[in-house]
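Worksheet: the structure to be examined is printed underneath.
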Amino acid sequence: MEFDFTQLPAADRYRLLTNFVGPRPIALVTTRSANGQGNAAPMSFFNVFAHEPPIVIIGFSARPDGSEKDTLVNLRRSGEFCVNMVDLELSEAMILCGVNFASDVDETEFSGLATSPCRQIDARFVTRTPCAMECRVERIIDYPRRAIVLGEVVEMTVRDDCMDAQGRYVDPGVYQPLARLHADNYIVADRQFELKKPEAMTRHEVGQSAATPGPARSTKDIR
Ligand SMILES: Cc1cc2nc3c(=O)[nH]c(=O)nc-3n(C[C@H](O)[C@H](O)[C@H](O)COP(=O)(O)O)c2cc1C
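If you read the sequence shown in the numbering used here, its first letter stands for residue 36, the second for the next number, and so on.
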């Protein structure tokens, strides 16, 4: 099967892209409105794209009537938002937060999610989230009825039981993020395994030293 994306209607592109690009991690994004109202919405057009600077990216679409979602309105105004990672425990509440409520509804209250004040930004984070990332808007790329938001992470709050005692690595038995597949299908990262580059391959690697770039080799040599 072949699909010419330059000819396809947007709904078909959406279906195909979200069928195959997955699982996509879910950011439950919390913000605050101009009148102090809290807001929460799940976003699966989301990921981390750099660590220096630490940048997360979220893709927003408009509501069917063309209006902007509350999350986008709020973060445009405040320049701040918090990404709450979602696990199975938070899944039912996350789905409720995805209902297109009017802007005077705080989805965390509606769904019974306890929240705590963020440390560096004016928003609240979900108290039971495995990991909350407080972000400042780095830039917004606008398209018709769409926007891509780049946020710089300024603070991370991790639920203690998710990490080893040194605070270095997650405990994969505890932190099992929920991710979205196609349509209403989700998956939990509960079957993890290690995959390492074979030691013998290290001699083929280029550019591993900051001082002296390694010799260029063709992929033919490596096979
Ligand atoms: C799992 C999940 C992922 C979603 N991902 C996105 C997304 O990436 N971008 C988007 O614009 N809407 C996404 N939505 C829809 C919004 O969450 C929904 O429109 C929400 O009501 C917006 O709330 P707000 O108006 O308070 O911002 C998603 C919904 C669910 C349930």
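Ideal Cβ placement from N, Cα and C applies to all residues, glycine included.
On a predicted model such as this, the values are computed, not experimentally measured, just so you know.
Contact defined as beta carbons within less than 8 Å: I believe residue i pairs with residue j. What is the distance between those atoms, to the nearest angstrom?
{"i": "ARG171", "j": "GLY114", "result": "6 Å"}
{"i": "ASP195", "j": "ASP206", "result": "Not quite, the Cβ-Cβ distance comes to about 10 Å (not below 8 Å), so this is no contact."}
{"i": "THR143", "j": "THR192", "result": "16 Å between Cβ atoms; not a contact."}
{"i": "GLU173", "j": "GLU187", "result": "5 Å"}
{"i": "ARG67", "j": "ASP157", "result": "6 Å"}
{"i": "CYS132", "j": "ALA75", "result": "5 Å"}
{"i": "LEU110", "j": "PHE116", "result": "4 Å"}
{"i": "ARG159", "j": "GLY242", "result": "Actually they do not touch by this definition, with Cβ atoms about 43 Å apart."}
With DSSP run on the structure shown, which of helix, strand or coil describes residue i?
{"i": "SER96", "result": "strand"}
{"i": "THR150", "result": "strand"}
{"i": "GLU144", "result": "helix"}
{"i": "HIS26", "result": "Because the chain here runs from 36 to 258, residue 26 falls outside it and cannot be looked at."}
{"i": "MET129", "result": "helix"}
{"i": "ALA235", "result": "helix"}
{"i": "ASN135", "result": "coil"}
{"i": "ARG203", "result": "coil"}
{"i": "LEU43", "result": "coil"}
{"i": "GLU265", "result": "Outside the displayed range of the chain (36 to 258) lies residue 265, so it cannot be described from this structure."}
{"i": "ASP177", "result": "strand"}
{"i": "THR106", "result": "helix"}
{"i": "LEU185", "result": "strand"}
{"i": "ARG258", "result": "Here ARG258 scores only 48 on pLDDT, less than 50, and its place in the model is too uncertain to base an answer on."}
{"i": "ASP122", "result": "strand"}
{"i": "ASN54", "result": "helix"}
How would you call residue i, buried or exposed, if buried means at least 16 neighbouring beta carbons within 10 angstroms?
{"i": "LEU43", "result": "exposed"}
{"i": "ILE257", "result": "Caution is warranted here: a pLDDT of 46 is assigned to ILE257, below 50, making its placement in the model unreliable, and no coordinate value can be reported."}
{"i": "GLU169", "result": "buried"}
{"i": "MET36", "result": "exposed"}
{"i": "ASN70", "result": "exposed"}
{"i": "ASN220", "result": "exposed"}
{"i": "MET135", "result": "The displayed chain sequence assigns Asn, not Met, to residue 135. So ASN135 ends up on the exposed side."}
Please return the same chain residues whose Cβ sits closer than 7 Å to the Cβ of residue i, not counting the five positions on each side in sequence.
{"i": "LEU216", "result": "GLY57, PRO58, ILE222"}
{"i": "PHE38", "result": "LEU51"}
{"i": "ALA180", "result": "At residue 180 the sequence reads Arg, which differs from the Ala that was named. Correct list, in chain order: SER96, ALA97, GLY101."}
Keeping to the same chain, check which residues put their C-beta closer than 6 Å to that of residue i; ignore five residues upstream and five downstream.
{"i": "ILE176", "result": "ILE183"}
{"i": "LEU148", "result": "ALA128, VAL161"}
{"i": "MET78", "result": "ALA62, VAL64, ILE93"}
{"i": "ASP225", "result": "GLN211"}
{"i": "PHE80", "result": "GLY94"}
{"i": "ASN54", "result": "HIS217"}
Tell me whether residue i counts as near ligand 2, meaning its Cβ is closer than 7 Å to at least one heavy atom of that ligand.
{"i": "PHE84", "result": "Ligands displayed in this structure: ligand 1; ligand 2 is not among them."}
Given residue i, which residues of its chain have a CB within under 8 Å of its CB, disregarding the five upstream and five downstream residues?
{"i": "CYS197", "result": "PRO165, CYS166, VAL205, ASP206, VAL209, TYR210"}
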